[in-house]
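All residue numbers for the sequence shown refer to full-length UniProt numbering, where the first residue is 1 and numbers rise by one.
Glycine is no exception: its CB is placed at the ideal position from the N, C-alpha and C atoms.
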Amino acid sequence: MKHTLATMILALCLLPATTFARDDIGNYTIADAMNTDHAKNKLGDSVRFYFGDQTYGDPQQTMGEFSTSKKTNAFNKTDLEACQWVFLSAMIALKDRAIKEGGNAVVEIKSNYKHNLTSSNDTFQCGAGALMAGVALTGKVVKL
1 MKHTLATMIL ALCLLPATTF ARDDIGNYTI ADAMNTDHAK NKLGDSVRFY FGDQTYGDPQ
61 QTMGEFSTSK KTNAFNKTDL EACQWVFLSA MIALKDRAIK EGGNAVVEIK SNYKHNLTSS
121 NDTFQCGAGA LMAGVALTGK VVKL
């Protein structure tokens, strides 16, 4: 019995690490992530967010384009849970940057996961693996 267990453990140790690696890139609904109680509490209403090509008023001032890339622990979470959590982290970073720059909105927000810029009004991209999940966003900080 001890030999069988030791053989099984040795076999697992000899498997390449890539066997356990996973980096599934998926699209997740912005509205679902933004409408959680946690997101509403953390993001508040002092900064407005516009994704993709959603319309917004003429900016009084443009502070620049800024990026954020966030990762989170995905262990023991579904991809959806991990991706919504890390999306919120990225949105908080954009909100904090807007406040720091004197803006009140972030517009033209796009996903930029692994430097693959994608624009959507409805979804964001997230890479989810066995241990980590990540979201990268870019957006323009403006004062409306």
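**Asked** Would you call the segment 34-46 and the segment 125-142 in contact, with 3 or more CB pairs under 8 Å?
**Response** no
**Message:** I need the straight-line Cα distance from Arg97 to Ala74, nearest angstrom please.
**Reply:** 25 Å
**Prompt:** So, helix, strand or coil for Thr19, using DSSP?
**Reply:** At Thr19, the pLDDT of 41 sits below 50, so the modelled position is not reliable and the matter cannot be decided from this model.
**Item:** Rounded straight-line distance, which links the Cα of Pro59 to that of Ala136
**Value:** Cα to Cα, Ala136 sits roughly 24 Å from Pro59.
**Request:** Would you mind stating whether Ser46 and Asn112 have Cβ atoms separated by less than 9 Å?
**Result:** no
**Prompt:** Can you list, in chain order, the residues of its chain whose CB lies under 8 Å from that of Leu80, leaving out five sequence neighbours each side?
**Reply:** Tyr28
**Message:** Rounded to whole angstroms, what is the Cα-Cα separation between Thr72 and Ser120?
**Reply:** 23 Å
**Message:** On the DSSP letters alone, give me the boundaries of the beta strand (DSSP E) that Gln60 sits inside.
**Reply:** Counting along the chain, Gln60 falls outside any beta strand (DSSP E), and DSSP gives it neither H nor E.
**Asked** Is there at least one Cβ from chain D nearer than 9 Å to Ala33's Cβ?
**Response** No chain D is present in this structure, which holds just one protein chain.
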